[in-house]
Every structure is written in C-alpha cells, then in structure tokens.
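*Asks:* Under our numbering, read the sequence shown as residues 337 to 750, first letter to last.
C-beta atoms are modelled at their ideal positions from N, C-alpha and C, and glycine is treated no differently.
Values in this document were obtained by computation on a predicted structure and should not be read as measured data.
Just passing along the structure, written as structure tokens.
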Amino acid sequence: MRLLPAALFVLTLASCAPVEAPRAGIDAQALGPGGAPDLAIAGGETAALYAAVRSDGKGRDAVFCEGLLREPAAPNCTQLNAVAGETRDNGENSPVLRSAPDGTLYATWIAKDPRHELANQVRFTRRPPGGAPWDIPYTLNDDAEPATHDFHIAGVAPDGALYVFWLDRREGPKGEAAPYPSGGIAGPEPLLPDSAALYGAVSHDDGATFEPNFRVAGNICACCRPAVAFLDGRILLAYRSVTAAKVRNIVLVESADRARSWSRPRIVSDDGWTLEACPHSGPALVAARGELVAAWMDGSDGISKVHAARSTGGGASFGKRVRISQPDGTANHPRLLALADALLIALEHSPAGRGSEAVYRISGWDLSFDGHSVFTAPRATRPQAVEAPGGYVAGWAEDGTSRVAFVPFSSRKR
337 MRLLPAALFV
347 LTLASCAPVE
357 APRAGIDAQA
367 LGPGGAPDLA
377 IAGGETAALY
387 AAVRSDGKGR
397 DAVFCEGLLR
407 EPAAPNCTQL
417 NAVAGETRDN
427 GENSPVLRSA
437 PDGTLYATWI
447 AKDPRHELAN
457 QVRFTRRPPG
467 GAPWDIPYTL
477 NDDAEPATHD
487 FHIAGVAPDG
497 ALYVFWLDRR
507 EGPKGEAAPY
517 PSGGIAGPEP
527 LLPDSAALYG
537 AVSHDDGATF
547 EPNFRVAGNI
557 CACCRPAVAF
567 LDGRILLAYR
577 SVTAAKVRNI
587 VLVESADRAR
597 SWSRPRIVSD
607 DGWTLEACPH
617 SGPALVAARG
627 ELVAAWMDGS
637 DGISKVHAAR
647 STGGGASFGK
657 RVRISQPDGT
667 ANHPRLLALA
677 DALLIALEHS
687 PAGRGSEAVY
697 RISGWDLSFD
707 GHSVFTAPRA
717 TRPQAVEAPG
727 GYVAGWAEDG
737 TSRVAFVPFS
747 SRKR
C-alpha cells in the first residue's frame, strides 16, 4: 500500500518524544533515475530536488518535483537547469533545495563550465510563493576565470537571509592547481595542494539579488561538503579542514555580523585522522534549544564510522565524541534534523558482507538512543530528511533511482 499524504499524519507530540513507526507499511515513491533528493516543505507540501539522469544519457539535470506522496497522482516534476545535462552529481556534490517561511523555494546546483572540463559554476534559481514560475537560473560565483566551485550548501537564517556556501578554487596561480583549474586570484594565504577555500554569497531580499562573494576560510578538504546552522544571531559553519601533515579534523567557524567577518577555526573533535586523499565526506550540523550537535565520518582507526558531539555552550567547545553508527560494518554521510524535542540522525550504513543501506534513528539531544526508533531503506545511499506533520519525509538513492517515503511517528513514549 502506498503512503497517504504527509498532511494526514498529524499527531500530538507535546508530552513525548517522537518514535518512528515500524518498517512494515512504509512504502517509497520513485521519482526517477538519479541521485538522492534534497527535500523541503513549502505550503504544507513536500518537494524534492535531485540530479536526474537524462534519458538520452547525456549528463544530468536538476529536476524539481512537488506533489509527492499523493497516491494515485504522480508528482509534478520540472527541469530547472536551462542548459541540458549541465548538472554535476558526484559524491556529496548534489543539488540543494531550501524553503523560506513564506513558501519561497530556493534551488542550487553545480553546473559544468564549458570553458574547462573540470571547471564548475554554482547555479541558483528561486520560485516565489503563490504559484509563480521559477526564475531564470544564473551563476552565483562572481569570479571571471574558469575554476572549480562545488560541494555547496545553503541555509535560510531566522532573519530571512539566504546563505549559500561552496568550496572554491579561484585562488592560486592560473593553471597550477592541476588537474583542477585555478582562477589566478591571490588569496590571503597560499592554499595547500588538493585543498580549497570556502566561499559564500548572501541574499537579503528573498533571493532576488546577492551581495558579492565573500571568503570564509582556506585549506578545506576539497571534496567534503560543509554544513551550516544558525544559533543566537550567529552563522555557524562546520567543515573538514586539512593541514600540511594531512590531518583532516572537523572544525567550526562562526560569524556574528552577518558574514562580514569570521572566527578562527575551532576543532570539534581532535580525531587525528591522517589521510593522503580527501575522504569525500563532510560533516552534519544542527542547532536548536541553544545547543549544537555535529556529526561526521571518521576513519582514524582504518574503519569508517560516524561520530557525533554536542555543544551546550553555543559551539565554544564540544563534549566527548559519541559513536552513533552501528558497531557492525562501516558508516558514512551523516545527516541531522532537529525535531520538536529530539534529533533525527540519518546515515549510510554498510553491514559487513552486504551492500549499503540508509538508516534513520531518533535520538535525544544527549545522543542517547532508545534502540527501537529505526527506519531502514535497503540498498540505499546518501540519506536525506525533512520534518513533516506527524513524522518526516526520508529521501535516498536506491539502485540508481531517487526515492522518497513518509515515515510517521507513533505516540509511544520513550
């Protein structure tokens, strides 16, 4: 049986933390061939954005779908990129969808730059509320020369400002960042080989215009997507740094002046993981209740696992890391979602001797688990999630197909 609309699952959660329903009865809706969808709620409806494989085999498109999980009607899907097949989708380098409280939708994706086979650009478009069409997409990065701009993230601040951040190789002598193109711009310090800078752009008018690009930090692990959260008027960014000794710790920076200046990086957890190559795995970050929780993949002992750490002091320091992935097999690509009085933790789990699966678990803010709050999607990678009335919508890629499912909460107490 297919799922009913998420809006029909409305439960009172005031007196107990949400707990997922059993796996039985949860059915997924396929959007089409492609990667894991990013998800948003706008106007009470679930929407998704994913990199869809073109039927002619010539690249991928950024495809937006709405009207999800309404049986028997099929979702309404629209290609957003104006240049067919331009959308990149490799590892964590996938399209991003965000919504504003008024229902405005923001979509970003990484597009191929025709001037160089390894150069990319950050594309943006928006759809105002009330049934307006999507704007014509345009490029957010404002440097002139071909360079790589990828592994991006976006967030809507409580004051309505829209921030987009990405990894950027515009700095450095032109042509000397082989095999990746560099834009020839001098940065404040030389970047280490195989690293990138972290750049961003902000809009204070609902995405109608953006201010000039700004630099956040340098020496970022070049294929690990950053994470953004907002707390007490501050912008918080977590990313995987890299040192000359190839140590790849997760660090946190913050801005208290709307991205005009940034703090020095603070280490979230000194794992001491030394790796010659980029692990292609960025952190997750969530803020609520005056607290922060970060999650990340660590392979310092030769086995990839996911840890999390909590800060009750607004990010000034973090407590001891806690392993949140299962003890069997390996784990990667965590995602965090703040619920009313709990956390949803999603990650990619690969049990020993079997393929990967997407695992969704409910946790307290103290990172304690009740043991039964589990929804698992088999043969799945890159889990995503967004809260919906009475539960959450999960998204993942399964056997080369983009899928979504509504997972309702039960009213059972923790």
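According to DSSP, is W755 part of a helix, a strand, or is it coil?
*Replies:* The requested residue 755 does not occur in the structure, where the chain is confined to residues 337 to 750.
*Asks:* Should Y575 go down as buried or exposed, given a rule of 16 or more other Cβ atoms within 10 Å for buried?
*Replies:* With 16 or more other Cβ atoms within 10 Å, it is buried.
*Asks:* So A631 and H643 are supposed to be a Cβ contact under 8 Å. How far apart are they, rounded?
*Replies:* Confirmed, about 7 Å.
*Asks:* Indicate the three-state DSSP secondary structure (helix, strand or coil) for I489 in the structure shown.
*Replies:* It is a strand residue.
*Asks:* Would a C-beta distance cut-off of 9 Å place W609 and A553 closer than the cut-off?
*Replies:* Not a contact, by the Cβ cut-off of 9 Å.
*Asks:* With three or more beta-carbon pairs closer than 8 Å as the criterion, would you say the region 699-706 touches the region 677-684?
*Replies:* With the cut-off at 8 Å, the region 699-706 and the region 677-684 touch.
*Asks:* So G554 is in the beta strand (DSSP E); what residue range does that whole segment cover?
*Replies:* Counting along the chain, the beta strand (DSSP E) containing G554 begins and ends at F550 to C557.
*Asks:* Excluding five sequence neighbours on each side, which residues of the same chain lie with their C-beta closer than 7 Å to the C-beta of P548?
*Replies:* D478, listed in sequence order.
*Asks:* Extract the residue ranges of the beta strand (DSSP E) inside the region 398-439, only unbroken runs of 3 or more that lie entirely within it.
*Replies:* As far as the region 398-439 is concerned, its whole beta strand (DSSP E) runs of at least 3 residues are 412-415 and 432-435.
*Asks:* If we call anything under 9 Å between Cβ atoms a contact, is N555 one with L528?
*Replies:* Yes, the Cβ-Cβ distance between N555 and L528 is below 9 Å.
*Asks:* In angstroms, rounded to a whole number, what distance separates the CA positions of A360 and S686?
*Replies:* Caution is warranted here: a pLDDT of 47 is assigned to A360, below 50, making its placement in the model unreliable, and the coordinate value is therefore given only provisionally. Straight-line Cα distance between these residues: approximately 21 Å.
*Asks:* CB of I521 to nearest heavy atom of the ligand SAM: below 8 Å?
*Replies:* As far as ligands go, the structure on display features none, and thus does not contain the ligand SAM.
*Asks:* Decide if R753 is buried, meaning its Cβ has at least 16 other Cβ atoms within 10 Å, or exposed.
*Replies:* Given that the chain is displayed from residue 337 to residue 750, the structure contains no residue 753 and the question cannot be resolved.
*Asks:* Which residue marks the beginning of the beta strand (DSSP E) containing N585, and which one marks its end?
*Replies:* That residue, N585, is in no beta strand (DSSP E); it is neither H nor E in DSSP.
*Asks:* Cα-Cα, which of N412, A410, Y386 and A418 is closest to E428?
*Replies:* The shortest C-alpha separation from E428 is found at Y386.
*Asks:* Note down the Cα distance separating D607 from I639, rounded to an integer number of angstroms.
*Replies:* Taking the straight line joining both Cα atoms gives about 13 Å.
*Asks:* Just grab the DSSP bridge partners of Y386 for me.
*Replies:* DSSP output for Y386 lists V399 as bridge partner(s).
*Asks:* Bridge partners of H643, per DSSP?
*Replies:* Beta-bridge pairing links H643 to W632 and R659.
*Asks:* Over what stretch of residues does the beta strand (DSSP E) that includes L679 continue unbroken?
*Replies:* Taken as a continuous stretch (DSSP letters only), the beta strand (DSSP E) holding L679 covers L679 to S686.
*Asks:* Bridge partners of R739, per DSSP?
*Replies:* Answer is A366 and W732, bridged to R739.
*Asks:* Would you mind listing the beta strand (DSSP E) stretches within the region 432-478 that are 3+ residues and don't spill past its ends, in chain order?
*Replies:* Fully enclosed beta strand (DSSP E) runs of 3 or longer: 432-435, 441-448 and 456-463.
*Asks:* Please state if the CB of P411 and the CB of R451 are separated by a distance shorter than 9 Å.
*Replies:* Taking 9 Å as the Cβ cut-off, R451 and P411 do not qualify as a contacting pair.
*Asks:* Using a Cβ-Cβ cut-off of 6 Å (strictly less than) and excluding sequence neighbours within five positions of G395, which residues of its own chain qualify?
*Replies:* Excluding residues within five positions, the ones whose Cβ falls inside 6 Å are G421.
*Asks:* Beta-carbon separation of Y696 and P719 under 9 Å?
*Replies:* The answer is yes: Cβ separation under 9 Å.
*Asks:* On a Cα-Cα basis, can you pick out the residue from A364, I521, N585 and A694 that is closest to R506?
*Replies:* For R506, the nearest C-alpha among the options comes from I521.
*Asks:* Can you tell me whether K641 is buried or exposed? The criterion is at least 16 other CB atoms within 10 Å of its CB, across all chains shown.
*Replies:* The residue is buried, with at least 16 neighbouring Cβ atoms inside 10 Å.
*Asks:* So, using beta-carbon positions, are V492 and S435 closer together than 9 Å?
*Replies:* Yes.
*Asks:* Check H616 in the structure and name its three-state DSSP category.
*Replies:* Of the three classes helix, strand and coil, the one that applies to H616 here is coil, per DSSP.
*Asks:* Among N585, A497 and T484, whose alpha-carbon lies nearest the alpha-carbon of G569?
*Replies:* Residue A497 is the option with its Cα nearest to G569.
*Asks:* If you compare alpha carbons, which of D449, L367 and K656 is closest to Q415?
*Replies:* Nearest option by C-alpha distance: L367.
*Asks:* If I measure Cβ to Cβ from S531 and keep anything under 8 Å in the same chain, skipping five residues before and after, which residues do I get?
*Replies:* Correct list, in chain order: G554, N555, I556, C557, A558 and V578.
*Asks:* Could you please give me the residues that DSSP links to D374 through a beta bridge?
*Replies:* In DSSP, D374 forms a bridge with L385.
*Asks:* Quick check: what's the CA-CA separation for G655 versus K582?
*Replies:* Whole-angstrom Cα-Cα distance: 24 Å.
*Asks:* On the three-state DSSP scale, how would you describe V795?
*Replies:* Outside the displayed span of the chain (337 to 750) sits residue 795, for which this structure offers no information.
*Asks:* Just to confirm my understanding: we take N456, look at its own chain, exclude 5 residues before and 5 after, and list those with CB closer than 7 Å. What are they?
*Replies:* Only R424, I446, A447, K448, D449, T484, H485 and D486 meet the Cβ criterion.
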